[in-house]
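> One structure, pasted below without further comment.
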Amino acid sequence: MIALLDVLSTFHSKAWSSIMRRIHFALNYNNLPYKTQWIEYPEIAPVLKATRFPYYSVPAILDNGDNMGEVKVAMAKSYDIAKYLDGAYPGTPRLFPDESEGQIVIKEFVDGFVEIARSPGLRLISSKAVLARLNPASQVHFSRVRARNL
7 MIALLDVLST
17 FHSKAWSSIM
27 RRIHFALNYN
37 NLPYKTQWIE
47 YPEIAPVLKA
57 TRFPYYSVPA
67 ILDNGDNMGE
77 VKVAMAKSYD
87 IAKYLDGAYP
97 GTPRLFPDES
107 EGQIVIKEFV
117 DGFVEIARSP
127 GLRLISSKAV
137 LARLNPASQV
147 HFSRVRARNL
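Under the numbering used here, the first residue of the sequence shown is numbered 7, with each subsequent residue one higher.
Structure representation (structure tokens):
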């Protein structure tokens with residue numbers, strides 16, 4: 007079973023970020039069994055550190071495939087997770103085109119979008135917009151980290 011780590015919000019859907027929703031969509035589209043582990047921002051590093059994760063970011067998945075409890079894959083970044091799902095679960099619908107040219111175009115688009123999303127002005131606007139939608143347990147942590155990264 008796959009565990010999807012996601013940050014809890016005050017939105018009806020609980021997930022506050024479209025980046026997180028991409029992975030929910032991919033798992034549902036592929037009809038893969040998963041459980042969402044809702045966490046708050048201050049919990050991200052401790053939870054992922056306990057699994058020997060290389061860095062602390064969400065969305066993240068922990069895939070133990072055989073349900074025996076041992077994590078066989080720990081991965082973050084929505085693009086990388088989607089690529090992993092295509093390779094690890096070949097009997098499911100494809101999230102990416104088979105031909106390499108189509109994959110290159112998608113990767114270039116994602117990289118370009120991420121570059122725009124990381125621009126200081128857009129980050130400031132989006133940070134202020136989402137802050138109100140986070141639970142109080144995450145608001146202080148989110149503000150402190152975003153202020154440091156602007």
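Where a beta carbon is used, it is the ideal one built from N, C-alpha and C, also for glycine. Remember, it's a predicted structure, so these values are computed and weren't measured experimentally.
The beta strand (DSSP E) that contains ASP69, what's its start and end?
Locating residue 69 in the sequence shown gives position 63, counting from the first residue. That run of the beta strand (DSSP E) goes 66-69.
> Going by other Cβ atoms of all chains shown within 10 Å of its Cβ, with 16 needed for buried, is ALA32 buried or exposed?
Taking the sequence shown and counting its residues from 1, one reaches residue 32 at position 26. With 16 or more Cβ atoms within 10 Å of its Cβ, ALA32 is classed as buried.
> Nearest by alpha-carbon distance to ALA9: which of TYR35, THR57, ALA138 and ASP104 is it?
Within the sequence shown, residue 9 is the residue found at index 3, counting from 1. When each option's Cα is compared against that of ALA9, the closest is THR57.
> Using the C-alpha atoms, what's the distance from ASP92 back to TYR35?
Here residue 35 is taken as the residue at index 29 of the sequence shown, counted from 1. Here residue 92 is taken as the residue at index 86 of the sequence shown, counted from 1. Looking at the two C-alpha atoms, the distance is approximately 12 Å.
> Compare the C-alpha of ARG139 against each of TYR40, TYR47 and MET7 and name the closest.
Translated into the one-based positions of the sequence shown, residue 139 becomes position 133. Here the closest residue by C-alpha is TYR47.
> If you follow the alpha helix (DSSP H) that ASP92 is part of, which residue opens it and which one closes it?
As a first step, residue 92 is located in the sequence shown; it is residue number 86 there, counting from the start. Run containing ASP92: 84-94, per the alpha helix (DSSP H) assignment.
> Rounded to whole angstroms, how far is the Cβ of MET7 from the Cβ of TYR61, which I believe are closer than 8 Å?
Sequence index remark: in the sequence shown, residue 7 carries index 1 (1-based). Sequence index remark: in the sequence shown, residue 61 carries index 55 (1-based). In fact, because the Cβ distance is near 23 Å, the residues do not count as touching under 8 Å.
> Nearest-angstrom Cα distance between TYR90 and HIS30?
Against the sequence shown, residue 90 aligns to sequence position 84. Against the sequence shown, residue 30 aligns to sequence position 24. In a straight line, the C-alpha of TYR90 is about 14 Å away from that of HIS30.
> Among residues of its own chain, excluding the 5 on either side of PRO99, which ones have a beta-carbon nearer than 7 Å to its beta-carbon?
Locating residue 99 in the sequence shown gives position 93, where the first residue counts as 1. Within the same chain, PRO99 has close Cβ partners TYR35 and ASN36.
> Considering only residues of the same chain and omitting the five flanking positions on each side of LEU38, which have a CB-CB separation below 8 Å?
Here residue 38 is taken as the residue at index 32 of the sequence shown, counted from 1. The answer, listed in chain order, is ILE8, LEU91, TYR95 and THR98.
> Counting along the chain, where does the alpha helix (DSSP H) carrying ALA51 start and finish?
Along the sequence shown, read from residue 1 onward, the residue named residue 51 stands at position 45. Note, ALA51: alpha helix (DSSP H), 50-56.
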